[in-house]
Each structure stands twice: as C-alpha cells, then as structure tokens.
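J.: Residue numbers (the numbering used here), protein chains in the order written: chain S, 1266 to 1764; chain Y, 11 to 108; chain A, 725 to 850; chain R, 138 to 614; chain F, 68 to 379. The following block contains the structure, expressed as structure tokens.
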Amino acid sequence: MAPWLAQALPPAVVLVSTLAALVIFVAGEAHQRLRIWVNLIAATIKLLLVVWIGLAVLAGNTFMFRFELLPGLELILHADALSILFASLSAVLWLVTTVYAIAYLERSPNRARFFGFFSLCVSATMGIAMAGNLMTLFIFYELLTLTTWPLVVHNGTPEALAAGRSYLRYTLTGGVVLLVAMAWLYGLAGNVEFTPGGFLAPLVAEHRIALSVIFAMLVAGFGIKAALIPLHGWLPKAMVAPAPVSALLHAVAVVKAGAFGIIRTVEDVYGLELVAELGMRIPLIAVAAWTIIIGSLLALREHELKRRLAYSTVSQVSYIVLGIAVGGLLATSGGMVHLVHQGLMKVTLFFCAGIYGLLLGVSRIDQLDGLGRRMPWVSTAFTIAALGMIGVPPVVGFVSKWYLASGALAADVPWVVGVLIASALLNAAYFLPLIRRLWLTEGGALAEMPIEIGALSRLALVASAVATAALTVVLGMLAAHPLSPLSWVLEIASGYAPW
Amino acid sequence: MIDLLALVMLLAGCFFVFAGTVGMLRLPDVYCRLHALTKADNLGLLLICLSLALLAGRLRITLLLLLIWLLALLASTVSAHLIARHSRARRPPTGEPQ
Amino acid sequence: MSGEVVFVLAAAAIFGLGVHGLLTAGHIMRKLLALNLMLSAVFLLLIVVPARIDGLPDPVPQALVLTGIVIAVSTTAFALALMVRLFRRQGHAAIHPDVDPRMLGHVTGRTSAGPQEEHDRGSGSR
Amino acid sequence: MNPAVLLVGLVFIPLVAALVAVILPVRFRRPVALLGALAWPLLLVPLSIAVARDQTLTLVFGGWTPPLGIGWRLDALGLVLLWVHALAGIAALPGAWHRFGPKVVAAAPFWPLWLILSTGVNAALLAADLFNLYVSLELTTLAAVALIATDDGIAALTAAMRYLLLGVLGSLMYVLGVGLVYAQTGSLAMDQADAAAIRDVALVLMLTGLMVKAAIFPLHVWLPHAYGNAPGPVAAIMSAVVGKVALVALWRIWFQTAADPPDLLADLLGLVGAVAIVYGALAAYMQPRLKMVIAWSSISQFGFLMLLLPLASQTAFQGAGFHLLAHGLAKAAMFLAAANIVTVLGSDSIRHLPGLDKRMPLEAFTLALGGVTLIGLPPSGGFTGKWMLLTAAWEQQGWFWLVLIALSGLMSAAYVFRILALTCFHPARRAVHELHARPPKITSLAALLLALLAVIIGLYPHPALELLGRGLPGGAS
Amino acid sequence: MNAQIVVDIALGLILVGLAAQVALGRHLFRSIVFYVAFGLAMAVIWARLGAADLALADAAIGAGLTGALMMVAFRRLVGIDPEQAQAQMTRHSHVAVAVAALTAGLVATVGLAALTMARAPESAGMQVLARLEETGLGNPVTGVLLVFRGFDTLIEMAVLLTAFVGSRVMTQRSRLNVTTISGFELPLVRTLVAVILPLAVLIAMHLLWIGADQPGGAFQAGAVLAGSGVLLLLTGTLLPAPRSNAMARLALVAGVAALSLLVLVPLSQGRPPLAFLGKGSLLFAEAAMMVSVAVSLTLLFAGAPALKAGRQ
C-alpha cells in the first residue's frame, strides 16, 4: 500500500459525498437526472472505498491522515477496525437509503436541497467514523448537527420547524457540554489520540474527580444524540421528517453517532478498567438498562407507527451502550455488533413504514389491518425485521442479544440478563400486535392513495425494503463467516477486552 | 507722576464703562440703551487705552492701542445703527416706554 | 500656586454644567452647546494641570489644545449642518429614534418642510 | 522598499486619492476612489512579510524620537485588522460602486469620505502615540458619521447624530485621560506613558472614552441604529473595522500603557463583556429587522472580545485576535448580503424573508456561512478563536469564563438559526411580489467570497496565529 | 500676591457664571450669545495663564466662528419652523443635577490630585524647548504643531476637510440659504466692509508671518480671514453659489496637500517623513493651511460649495 495512498484514502472517503453535495447544490432543482446519477455514483464509490480500506486493514495496513488545525490540535482521520465497522454500515445503508429516497421523493419540492444536505450528512458520519482523536470526532459531530437540521425541517410545516427547534436545542446544548468537557480534558491530558485501552491512566492519581466529571459530561454530550432516556426528547418529535430522513437519522447517522461517541470514549479515551475504577461503570449500565426498559414502555403507549418505532430505537441503541458498559469479550462484541444489526433492522422497519405512509396513507397502528395481503413483500420484510428486533433467530437481532446475555453472565452483573429478558418480552409486546394486524385481521377497505407513483420507483421502494430484510436474515445465519460483522467485531473486541 | 495720571484715567475709564452697563440695564427701550452703550463704552475704552499707552510708554504699543480703539468705534457705531434700523422696522418708536 | 486651583475648580464646575446641560437638553443645539462647554473645561484642565516650564505653560499641551479647538469647531460645524438637515426632515430638533415622527403630529403641526423647500425630496420616504 | 515607505503608503495613498477625488468633478470621483481603495491593500503583502520577519515595524516622524515626536508602530494585531479592513473594503466596493453612481445625489461627497474613512482607520491602527490616536479616531468617527448620513432617511440621520454626539463625549473623556497621563509622565508615547500615580483614574477615563467608541455594552446605545440604518457598504465596513479600531486601541492601552492594570478592573470589564454577550444575543433574537439583528450581534461579539482582559494570556490574545479577523469578515459579508436583500425586497423586515433561498440563493448562503462563523461551529474561523480562548480560560482556572465562552456560541446560535429557518425553510406565504431591480451579480459574489474566507481561515489559521503568537500587544509575553 | 488670586477668582467666577447661563438659560438664542461671551472669557483666561496662542485661537475660532456658525444654524431652524426651532424640550430632573454634581466633584478631585502629584523630571515640553533652535523657530507652540508633531496637524486639517465634505452631504440636498442681514445695502455697511476687509487681510498676513517666532500662526490667521469672510457674506459682498468651482475645491484641499508634501518629499529623499525641510517650507505649509482654514470655515458658514461675488 503506497504511503501517499494510505494517507489519502480516509479523507477521500469523507470528501466523496461532500463533492457530490456541492455538485447537487450547484446543479439546483432542474437537473433531476444528473442528481440521481451523482447520488448513486457517489454512494457506490464510497462503498467500494470503504470495502477496499476494510480489506487493507484486515491485511494489516494502517491508514493515518493528519492535518494540523491549530498549534495544539490536529485533525486526524485514521481507519482502525472499529471505524471500518461503522463506516461500512453507513456506506451500505447509505446506498440503499439513497435508492429509497430517490423513489420516495419523486414528486416533492426542494429535492436539490434535500439530497445536498443528505450527502453532507454522509460525509459528517464518515468523519465521525474515521475520527482519530476526540477533537476530530467533535468537529464532525457538530457538522452532523448542522447538516441534519435542514433535513428535519425539510417540509417546512410548523410542526417540522418546532421539531427542528427542539432538535437544535438538544444537540447544540450537547455540543456546548462536549466543548467544555473537551477543553478541560485537553487542559489535563494535552493533545492525545485514541489509544485502545485509554490514555488517561497516569492522570487518575491527582485528577480523580475531574476525570469522572469529564466522563459524565462526555457521556451526556454523546448521550443526547444516542437518545439516553432523560435526553431523548428530540427523537420522537423528529418523526415529522420524511421517511428516508427518519430511517437515516435512526438507523445510521445521528443516533449511531452518539453511540459511537460513547464507544470511543469508553474504549479509546478512558478504557473500561479506568471507568470502573472511577466508579462510573455501574451508573452507565444503570442508565443503559433504564433507557431500555423505559424506552420500550413508552413505545407501548404510542399509537402512531413511526413514533412507536422511534421509542423502540431509543431502547435498542442502549443495548450498544449496555454491551460496552458491561465489558468483557462477549458483551462488548454483542454491543458493537448490535450497532450493525440494529441499523439493518431499523432501516427495514422505517422503509416499510415509509411505504405504508406514502402509498396507503397509513400512519396509525390500527390502520395496519390486513396489509399483509395487500402488500405481501413489504409486510414480510416488516415482519422479519420486527421478529429480529424481538430477538427471534435466525434474524441478526438474536445474535447480538445472545452475545449480550452470555457476556452479562460472564461479567459480574447477572441482573443485566433479567433486563435483557424483560426487554425481549416488551419488544414482543409492542411488535407482535403489529404483525397480528398485518396478517391475521381482515383489512378494511383502504382506498389506494391517489399518488400515481412510477412503476420503477414502486419497485425501487419495495426492493430496498426487501433487500435490507434479506440482509438481516443472511447475516444472522452466516454469523460465523469470517467476513461477517460478528467475526469482525470479535476481532475488535479481543483487542479491547481480552478476558 | 505718569503712573498717577494713568491710574486716574484708568479709573475714569472703568467708571464710564460701568455707567454704560448700568444704562443698558436700567434704560427702558432699545434706542436709549444703544445710546448708553455706544457712547459710554467708547469713551471708557478711549480712557483705558490712553492710560495703557502712558504706562507702556512705547510708540508702537500706543499706535496699536489707538488702532484697537478706532476699530471698536467703527464696529459699535455700525452695529448700533443696524440694530436701531432693524428694531424700528419691526416696531416703530412710540412715545411711551415699551 | 493657588491660581491653578481656582481654574481647576472652575473647569470642574463648567464640566458639571456641561453634563447637566447634556442630560436635560432635548434640543440638539443645546446638547452641542453643552458638549462645547465640556470640551473647553477639558482643554482648561489640559493646560493648567501639567507642570509649567519656567513660568510659561508647557508648549506641547498648548499645541494639543489648539488641535482640539480646531477639531471641536469642525465637529460642531458638521453637527450643526446635520441638525439642520434632521430638523428639515423630521420637523423637530430632538433625537427620538424610536418615536415615529408622524406620531409626534401635535408637536410638528405643519409639515416639516418649511419655506425653503429643498429642491428634491431626497430618497428617503416621508 | 523599506518599511517606512510602506507604512506611509498605507495612510497616504487613500488620503491623496481622497484629495484628488475632492478636486475632480463628480464624474471622475468614483474611478479615482476605486483606484485608491484597491491600491493601498497591495502594500499589505510586503508589510506582512516584514512583520513576520521582525515582529513589529516602527517609524518616527521627522526623526524626532518619541516622546518629542510622533511614532508609528505596526504589530501583529494591527496587521490582522488591516487585512480585515482591506478585504472587507474590497468586498464592499462593488456594492458601493453600484449604489453611488455619478447621478446619485450623495455620490459627490460619498467617495472622498469613503477614502478618508480608510485613512482614519489605517492611521488609528498604526498610531503609537496617545494623542495621535485620538485625532485619528476623531477623523474616523466624523467620516463614518457623514457616510451614515448619506442615506437621507430620518432614522439614518438620527442614528448619525446620536453616534456623533456620543463619539464627541467619548473622545472628550479620552483626551482628559491623555492629559492626566501627560501631566504625570511628560510623554505621550504609548509604551513610555506608564503613569503610576494617576494611572487608575487616567486608565478608567481613557477606557471609558474608547468603550463609547467601540460600543461596548453599557455605552453601546448608538451602534444598532447606526449599523442598522446605514447604507449597505458603509454598514459592512463599519461593522468589520471601525468599531474594532477603538477596541484594538483599548487593548493596546491596557497591555502597553498601563503596565499591570488592577485585576479588579480586569474582572469588572470581563463582566461587562459577559453582560454584553447575553444582552446583545437576546436583543438580536427579538429584532424585527434583519440588519438590526446583525447589528445587535455585533454588540454581543464585541462583549466576547472584551473577555481578553480578564484572561490576559498569550493564547487568549491569539484567540481574541483571530476572532477579530473571523468576525470582521463574517459580519461584513452578512451586512453586504443584507444590503442586497433590502435593495431587492424593498424592506429588510423579517416577515419578507421566507422563500428567499430560492429567489436570492447567494445571499441566503452568505448569511448561513456568516452565521456559522458567528456561532463558532467547528470548521469556521470563529471556532478557532473560541477554542483558543477556551484553552486560555482553562489554563487560568477561569471556570466562569470557560462556561461563558461555551454558552456564547449557543446564544448566537439562537438568533442565527432563527434567521436561517426564516430564510430557507419557512414556506413563502407572504413573499414580497414586486421585486425591485436586482443589484449586479458581483455584489452578491463579493459577499459570498468574504463569508467563505471567514470559514476557510478556520481551516488554515497558522499564519495569523503564528503572527499573533509572538507577544501581547505591549510586547510583553 | 493676593491681587493675583483675586483676579483669578474673579475670572473663574465670570467663566462659571457665563457657563451657567449657557447651560441653564431658557431661551436658546440667549444661550448661544452667552456661549460667545463664554468663549471670550475663555480667551482672557488663556491670556492670564500665559498661553497667548490659545487666547488668539479661542477668541477667533472658539468664540467667534463657533458662535457665528451656531447663530446661522439657529437662523435656518427658525426659517424652517419658528415655533419648533425654540421648542422648550429641556426636561428638568433631579437625577441630572445629582449626576452633574457627582461628575463635577470627580473632575475636581482628579484635577486637584493631579496638581499635587509627583511629576516626571523630563517632559516632552522641555525637550521641545531644548531642541527648538534646530528648527529656527521662536514660538515653541508652532514648533510643536508643525515640526515635532506635524502629523497631528495633518490629520487635524483632514478632519476639517471631512467636516466640510460631510456637511456637503446634507447641504447639497436643500436649496441655498440666504446669509445676508437686513439692511446690508446701506452705504454705512459698505464703508465698514471697505475699512475692515483690507485691515483683516493685513492682520492675517501679520499673524501668519510672526507665527514662527511669536504667538500667531496658520490657524489664528485662517480664523481672522474666515471672520472677514463671514462679514462679506453677511453684507452681501459675497453670496453662496450653488455649483462648486475648481478654485474653491483647490483652496479647501491646499492645507492637507501642503502637509502631505512635507511628508512625502523627505521620504522621496530617503529621509524619515516630515523631516525638517527648512523654515521656508514651514511658511509655505502655514500659508496653505491658512487658506484652507479660511475657505472651509467660510463655506461651512455659508452652507454652500462655493461663493460668488454679490452685486456691488
């Protein structure tokens, strides 16, 4: 691997979609054809690049891009195993979501603006994935806020604007908390990159309280986007955005960025032993468990389909945080792999919800009766994903839950298994009625929506939903395959938690 | 001797200026006041200039003082005339005091 | 020596009168008068306070005050031209930026454009 | 060319151009002014190299060494603001060219005044003599007031009168302070006039005078109406530079003349800055007019710049100096964009903004980029400044300042996002239908370029930071 | 010794009394007239303090021209809207009195403390006097103004030019104002002009010439000329012209241009800017400044871009 290539690839991955965004903005509304091709080409190039880097990392090469932003501060993009995990998830889901969005927004106005910010979101997510130190992560984290806000307020209705305002209030406050925490950390530890196992051990002697306060602030800052319970307020409101945006926000960009931030903080800044030593491990587990349970309970209360899915995301993301906090090879890998699995399942669910909403105008749960017969393909995809969320094998959901449970047993927190079981039951409680309505009840005379959507885009919509559903099943069954996310995660986790 | 004479003239000058000011305050209408001001002040100024000339004793200073007095004279007469014309144009003089 | 004390006190008194004039005056011309009073007071202090060099006041502050006087007259001349223009446009010589002149109807009475009608209405809206 | 010629050129090229402009009839004034305004920035390149080489350039008039004569001193801080002045001035030129053509009534006096304003700003930035600083500031204020009055509206004239009166009051207090310092030390040179005995009183007087001219919070009354009602290009150059010249003077006096100012005064001024940030942001959030929002945000940002006084460390100075640069460019770009919007829509009231991104995409994008720099979001120049101040606050355990700096970004986010939401995402229900003549494309491009520059310097801040890092304005480090 | 004090106290009281009339007077025009008296009293005090240059300048510019400018501005306001011009908008408030008293007290304490504080042994003024003969000038104030701190004077002339150009922004939008007084065609007035005009020019030249060695100089001479210019405008010998001409513009710019030359010429010879070029150059600069000051102040009084001869 030529040295300049090793240095050029990470920023290339980030810049591909930024260039695409520029082209789209400049092209403006008129050039529909051009925009579609630019989007698709950019997404495929990005996927190929990520796969190429992934294989190279597997083969042992290292990628490091340094740019000295400030005298004491560097912008570092590097590709370690964990960043490839998140980057590959983003790239795959991005390609699929782009296809889905092109079909979904065929008639709506302001598409240039939508797709421009859509691609900018991608580059921000890639930046977060590839970040080499806390400052780079923070920069792209703030960029993500800036680029996702226009998507949330895309259709300009008063509710959308209110949702946008609340989204800003949460995320910008989170940004400020993060900024203060990072300034403090930089004061203590200076300009240090991510190092597996954390680099703060020597400081713990005289800065014990400071480090724990900083840890709390970092988790709170990232927790807002990861929708930990007290900070999740913006997520349900953001459901007002168009379906591809909800799918994008929930499955790939915003929520996972928060979770990824917490993973980096726990694994690469502090190291789990230091977190435990500071006495922050148990509270973190408690918050994760708390969010899982309360998230599911809130989901039960919702009658709006997308809001129920939103609350289910709130609880599902906390699985990742739970896995990381419990620690140990099994739990950590369970948490990390859930990052991918939950992404796939949630994307499928939102695709289906989007199709129901677009074609049949269905938004409430009680309107789902008898849709199984009307749209068999979409409903099967929805059912597969729903079963996966509950944890039924062979869908991927089962794999991560299994590892989480066994990890919890291995670690010293057996009560976590109780939480997992309870959450499985709760998932069943709020997903099974949906499946029952889809297949087992007689459908009311729902008139076909007047939107005459092209046959090709109807096929694209259904195909993307089915594709992701198929992916959740295939990855579930081939979990042991060396190239599967699970094996990849096991290799990462072994680096972090050998015991 | 010269100083004594200069002092007397200075005091006389100050007296006339003082008289002019009192006249300006006490007299009833514009025209009487103009009389008081132009006549008394100019005389007072002359006396003061003469006393200063005596004190200084140099020809150049005396000529300068004389020039100052002439200028003051010219200025006050013309302005008094204009003020009188202006107020007469606005309010013709009646017998009784305004 | 106590000559300076008298003039310092006088300057302070004039400065105070200037401040009072500035605070209470509504008319812009009065504000300008007050400001000029304060300027004169400051110039007096500028000459009296520094040490005298063998009997005569220090030449440098004299030059500064001379410059100050010329700047004062330029600023005042410009301010007067601005005041006249504002008076012609606004109908009254006071600074009420927030009060809409039209609402001051009772104050202006007649339209603000006096006998010397300016030869073009200017770009601003009445 | 030796630096003396360059420094003299900085002030005398615009001055001579102004004189020629006054002499020539109206038709030729605009081209001459354009020539003058484009010529002096060229000197900044060799000057930057010279300053980079040996940190400060000094020049003494007539060879009479201060305190006898007057000295000029160009340090990194002055150079940064000169660059802002040059860039904002050039970006404002197309707008001024379009608006003050020979047939316009106010064009005849506008162009000489525009050049004299540049002369005044450059002279004030170079002044290393307390009284010379006063005279230069007076020239700048008078020219600025006259430029505001070129817009003949009642609001502009009132704003001009208010600015003039307060300007005179400010300089009056400043002169009294200078007089006291001279009486005590016998010298007017900035670096020699450390008046120990009378220092605190003279310092307070001089600082109050300069705070009036820099519109720092309690004395800011004239600024919103002055910037809000001035013609576009004038508001741009004033917000980018004129307000900051007095602030730079204040910093220099603080670090140079008053060798070690009392900490109580430093914290007090820091507190004043804090209140300015909050008050400015709140007021900006509630303004019904776009230009007033941008004007009030200036007051908030000036308050932010006052935080340098309590955090008087090298990194804090780098941060504040850089923020000066970034904010100047961004603010000038936003005012130019607002000027275009006002000329097209006829009024800049917030209600007419919806649907603007489709009709005037460049202006909307400029406002967005400017806003990003104001908030200090990561890639932009604003972030670099804020980050340096944050680390400085941390180094000195200034927790209150640390939190305040972090929150200031949040507060400016409030009014920036309000504007962005209005321009881009509100459906254009009550769009203003009769669009007036659209200004030439180059004016919007100039504004956009300026805003882009404000963001790009965030990515490549090294030359400016390295220059500013050499020492505090007073040379002490 | 106590006679000195009595005179000082008397002068101080007169000054403060006049200032009180200006600030607290009810009628605006009376305040303006008292301001002129205040300027003259100020000139007397400058003379008493030994600052002759300032006495001249303050009498000519501070009292004379500022008073004239204010009166003509007041007359324009009355011309536009008589009742509004003198509108009594002063609102009496005890807070203002308290604040005024407080500031007066502050300034007094600061002034008195400054009087008695320790001074630096070496002051710029002493250096000026020590090195004055290098410039061949007798009057130290002119030395400071033109040689040692010449740049200040240049910027100050630029301020005067800006004030004029700035006022053109306002005056060019409205019609020219009449500046002649009633009854200006009287023969008496014509003789006054015939006598005073040449004398004023003579005095101005005298002031300019002796400025190098004794109190006097460009500003005072310019102010005297401006005074005569005002007289000509009042008596109609000169009338405001609507269109500006090249001569007027050149005269306006002369002062700043001359001083710029004093900066740029030595620079071209490789010497520092404003290096001393000999007494002749100073005189040239002073003459140019005198012309600029005279023309600018007269035009500011007339509120017009240029002047034209009135009918004889």
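Idealized CB from N, CA, C, for every residue including glycine.
1) I believe residue 1602 of chain S touches residue 1664 of chain S by the beta-carbon criterion, under 8 Å. Please report the beta-carbon distance rounded to the nearest angstrom.
2) So is residue 1343 of chain S buried or exposed if we call it buried at 16+ other beta carbons inside 10 Å?
3) Would you mind telling me which residues of chain F sit closer than 7 Å to residue 804 of chain A, beta carbon to beta carbon, in chain order?
4) What residues in its chain sit with their C-beta under 8 Å from that of residue 259 of chain R, if we drop five residues either side in the sequence?
5) Are the CB atoms of residue 103 of chain R and residue 436 of chain R nearer to each other than 8 Å?
6) Compute the distance between the beta-carbons of residue 1350 of chain S and residue 1754 of chain S, then report whether it is under 8 Å.
7) Within the 8 Å Cβ cut-off, does residue 795 of chain A reach chain R?
8) Quick check on residue 390 of chain R: buried or exposed, where buried means 16 or more other Cβ atoms within 10 Å of its Cβ?
9) Going along the chain, which residues of the stretch 37 to 54 of chain Y sit with their C-beta nearer than 7 Å to a C-beta in chain F?
10) Exposed or buried, residue 1267 of chain S, counting other C-beta atoms within 10 Å across all chains shown (16 or more means buried)?
11) So, residue 1451 of chain S versus residue 452 of chain R, is the Cβ gap smaller than 8 Å?
12) Starting from the C-beta of residue 592 of chain R, find all residues in its chain whose C-beta is less than 7 Å away, skip the five residues before and the five after it, and write them out in chain order.
13) Any Cβ of chain F within less than 8 Å of the Cβ of residue 770 of chain A?
14) Since residue 1343 of chain S is in the beta strand (DSSP E), which residue starts that stretch and which ends it?
15) Can you tell me the Cβ-Cβ gap for residue 275 of chain F and residue 353 of chain F, rounded? I've got them flagged as a contact below 8 Å.
16) Starting from residue 1554 of chain S and walking both ways along the alpha helix (DSSP H), at which residues does that stretch end?
17) Out of curiosity, what's the CA-to-CA distance linking residue 847 of chain A and residue 288 of chain R?
18) Cβ closer than 7 Å: which chain A residues qualify as neighbours of residue 415 of chain R?
19) List, in order along the chain, the chain S residues whose C-beta lies closer than 8 Å to that of residue 528 of chain R?
20) Do we get a CB-CB distance below 8 Å when we pair residue 85 of chain F with the residues of chain Y?
21) Output the residue ranges of the alpha helix (DSSP H) runs that lie fully inside the stretch 169 to 236 of chain F and measure 4 residues or longer, sorted by chain position.
22) Is it buried or exposed for residue 1359 of chain S, if we count other Cβ within 10 angstroms and need 16 for buried?
23) Using 8 Å for Cβ pairs, my map puts residue 210 of chain F next to residue 195 of chain F. What's the rounded Cβ distance?
24) Pick out whichever of R:370, R:298 and R:209 has its Cα sitting closest to the Cα of residue 268 of chain R.
25) Can you find the residues in the same chain that come closer than 6 Å, C-beta to C-beta, to residue 1339 of chain S, ignoring five residues on each side of it along the sequence?
26) List the residues of chain F whose Cβ lies closer than 8 Å to the Cβ of residue 84 of chain Y, in chain order.
27) What three-state label does DSSP hand residue 375 of chain F in the structure shown?
28) Are the C-beta atoms of residue 514 of chain R and some chain S residue less than 8 Å apart?
29) Taking residue 754 of chain A as the reference, give the member of F:184, F:158, F:71 and F:198 with the closest Cα.
30) For the structure I just gave you, are there three or more beta carbon pairs, one from the stretch 276 to 284 of chain F and one from the stretch 107 to 121 of chain F, closer than 8 Å?
31) Along the chain, where does the beta strand (DSSP E) containing residue 209 of chain R start, and where does it finish?
32) Tell me the residue span of the beta strand (DSSP E) that contains residue 308 of chain F.
33) Is residue 202 of chain R helix, strand or coil when you go by DSSP?
34) Return yes when the Cβ of residue 1559 of chain S is within less than 8 Å of the Cβ of residue 1523 of chain S, no when it is not.
35) Closest Cβ-Cβ distance between residue 250 of chain F and chain Y: below 8 Å?
36) Since residue 275 of chain R is in the alpha helix (DSSP H), which residue starts that stretch and which ends it?
T.: A quick look at the data gives this:
1) The pair is a contact, with the Cβ atoms about 7 Å apart (cut-off 8 Å).
2) The residue in question, residue 1343 of chain S, is buried, as its Cβ has 16 or more Cβ neighbours within 10 Å.
3) Under the 7 Å cutoff, chain F gives 136, 137 and 140.
4) So the list reads 147, 148, 151, 177, 219 and 222, once near-sequence residues are dropped.
5) The shown model of chain R, from 138 to 614, leaves out residue 103 of chain R, and the question about it has no answer.
6) Their beta carbons are under 8 Å apart, which means residue 1350 of chain S touches residue 1754 of chain S by this criterion.
7) So yes, residue 795 of chain A belongs to the interface.
8) The residue in question, residue 390 of chain R, is buried, as its Cβ has 16 or more Cβ neighbours within 10 Å.
9) Residues: none.
10) Exposed: under 16 other Cβ atoms inside 10 Å.
11) Cβ atoms of residue 1451 of chain S and residue 452 of chain R: not closer than 8 Å.
12) Taken in chain order, the residues that qualify are 506, 509, 510, 516, 517 and 518.
13) It does not: the Cβ of residue 770 of chain A has no partner Cβ on chain F nearer than 8 Å.
14) Counting along the chain, the beta strand (DSSP E) containing residue 1343 of chain S begins and ends at 1338 to 1343.
15) That belief holds up - the Cβ atoms of residue 275 of chain F and residue 353 of chain F are roughly 6 Å apart, short of 8 Å.
16) Looking at the DSSP string, the run of the alpha helix (DSSP H) that includes residue 1554 of chain S is 1546 to 1566.
17) For residue 847 of chain A, the predicted model reports a pLDDT of 32, less than 50, meaning its position is unreliable and no value from the coordinates is stated.
18) For residue 415 of chain R, there are no neighbours in chain A by C-beta distance under 7 Å, as the nearest C-beta there is about 22 Å away.
19) For residue 528 of chain R, the neighbours in chain S by C-beta distance under 8 Å run, in chain order, 1337, 1448, 1451 and 1452.
20) No, no contact with chain Y.
21) Counting only runs of 4+ residues, the alpha helix (DSSP H) found wholly inside the stretch 169 to 236 of chain F occupies 191 to 197, in chain order.
22) Note on residue 1359 of chain S: 16 or more other CB atoms within 10 angstroms of its CB, so buried under the neighbour-count rule.
23) About 6 Å separates the beta carbon of residue 210 of chain F from that of residue 195 of chain F, a gap short enough to meet the 8 Å contact definition.
24) Out of R:370, R:298 and R:209, R:209 has the C-alpha closest to the C-alpha of residue 268 of chain R.
25) 1331 and 1333, listed in sequence order.
26) By Cβ distance, chain F contributes 259, 262 and 263.
27) DSSP, reduced to helix, strand and coil, places residue 375 of chain F within a strand of the structure shown.
28) For residue 514 of chain R, the answer is yes, since a Cβ of chain S falls inside 8 Å of its Cβ.
29) Nearest option by C-alpha distance: F:158.
30) Contact between the stretch 276 to 284 of chain F and the stretch 107 to 121 of chain F is present: 3 or more CB-CB pairs across the two stretches fall below 8 Å.
31) Annotation: the continuous beta strand (DSSP E) that includes residue 209 of chain R extends over 208 to 211.
32) Taken as a continuous stretch (DSSP letters only), the beta strand (DSSP E) holding residue 308 of chain F covers 305 to 308.
33) Coil, per DSSP.
34) In this structure, residue 1523 of chain S sits away from residue 1559 of chain S, with a CB-CB distance that is not shorter than 8 Å.
35) Chain Y, which has a Cβ nearer than 8 Å to the Cβ of residue 250 of chain F, makes this yes.
36) That run of the alpha helix (DSSP H) goes 267 to 286.
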